[in-house]
Amino acid sequence: MARKAPIVIIDKVALETIILSSIEAYPLETVGFLLGLRKGLDYLCKVAYPIQRAERKLKSVKFSRKIHELMKKASEKVVGYRILGIYHSHPDELPIPSVKDIMNFMFSEYMVSLIISISKTTPSTLKWHAKENVIIGSIAGYRIILSSHVKVGSELVQASIRSPLIDVLNLLASLGLDYSLLCERLSPEDYERLQYHLNKIIYLTKRGRTYHSKKISYHRKAIKEIAKQYEIL
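Below you can see the structure in the form of structure tokens.
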């Protein structure tokens, strides 16, 4: 049986960039490029690049063709990835493409469209999870819903979204930590330490929580100690 929907896989750092740039621009829209690779019907987004010179408004955002051409050359020569598509936010709106969104996307050379719904909410009230082809959760007082569409022939098809960042956000929430505060306050060195311990916990958990419980406890304690240094915990 043929698979119904393609999958858009967003790397952890790329999704961090997408979420944080949406928060930074709120209540205005943000927009950026999705760079990565295509594998069959699926797309692997390795890099998200916010377009700093975009013209932002409450209900729209646009950028010039020159910016696209510049990024197309730079992404292939410097980063090694091609432009897969565009992401943009819908402040206080659902992540559903508007008629204008659909028209602009279908007549472009982009293959992936990612929309981020962002609205204010109570901090840490919603666990991050993938559900019915969307990613949904909350961070730093904002409710986030992400949906993605891809071109399949002449049709616009909703894709499933996957990202390892979901595991990280849920892990930090279980420790009572806000990821956006950690990103904002930690020094580069401590941020690297944080990422090391997070990756270790995720790896060990997938191998078996019971067998590796002592190692997991060690890394959880290390993360708390880092947070305490910055008075986050």
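The opening residue of the sequence shown carries number 1048 in this note's numbering; numbering runs sequentially from there.
From the three backbone atoms N, C-alpha and C, an ideal C-beta is built for every residue, glycine too.
Out of the options, which has the shortest C-alpha to C-alpha gap to residue i?
i	options	result
residue 1267	1152, 1137, 1223	1223
residue 1188	1060, 1062, 1071	1071
residue 1215	1194, 1185, 1199	1185
residue 1127	1091, 1150, 1083	1083
residue 1272	1250, 1081, 1238	1238
residue 1073	1140, 1061, 1088	1140
residue 1155	1249, 1201, 1242, 1221	1201
residue 1063	1087, 1088, 1242	1242
residue 1221	1248, 1261, 1236, 1088	1248
residue 1129	1146, 1086, 1147, 1148	1086
So, under 8 Å CB-CB, residue i and residue j are touching, yes? Tell me the CB distance rounded to an integer number of Å.
i	j	result
residue 1240	residue 1277	That pair is no contact at about 12 Å.
residue 1160	residue 1132	6 Å
residue 1279	residue 1229	6 Å
Do residue i and residue j have their C-beta atoms closer together than 8 Å?
i	j	result
residue 1192	residue 1055	no
residue 1094	residue 1135	no
residue 1199	residue 1053	yes
residue 1244	residue 1274	no
residue 1150	residue 1090	no
residue 1217	residue 1174	yes
Please list, in chain order, all residues of the same chain as residue i whose beta carbon is under 6 Å from its beta carbon, the five residues on each side excluded.
i	result
residue 1190	1166, 1168
residue 1065	1095, 1134
residue 1227	1186, 1187
residue 1057	1092, 1210
residue 1178	none
residue 1088	1053
Could you pull out every residue in the same chain whose Cβ sits closer than 8 Å to the Cβ of residue i, ignoring the five residues on either side in sequence?
i	result
residue 1144	1152, 1160, 1162, 1196, 1203
residue 1048	Note that residue 1048 has pLDDT 49, beneath the 50 cutoff, so the model's placement of it is unreliable and the number below is only indicative. None.
residue 1142	1162, 1163, 1164, 1181, 1192, 1193, 1194
residue 1206	1052, 1053, 1054, 1055, 1090, 1159, 1180, 1195, 1196, 1197
residue 1260	none
Counting only C-beta atoms, is residue i closer than 8 Å to chain C at any point?
i	result
residue 1155	The structure shown contains no chain C; it holds only a single protein chain.
Output needed for residue i: all residues of its chain with C-beta closer than 7 Å, excluding positions within five of it in sequence on either side, in chain order.
i	result
residue 1059	1210, 1211, 1212, 1215
residue 1068	1077, 1079, 1097
> What are the uninterrupted segments assigned as alpha helix (DSSP H) that are 4 or more residues long and contained completely in the stretch 1201-1245, given in chain order?
Replying inline: 1212-1221, 1226-1232
> Enumerated in chain order, which unbroken segments of the beta strand (DSSP E) with a length of 3 residues or greater are wholly contained in the stretch 1166-1200?
Replying inline: Segments of the beta strand (DSSP E) lying fully in the stretch 1166-1200: 1176-1178, 1181-1186, 1189-1199.
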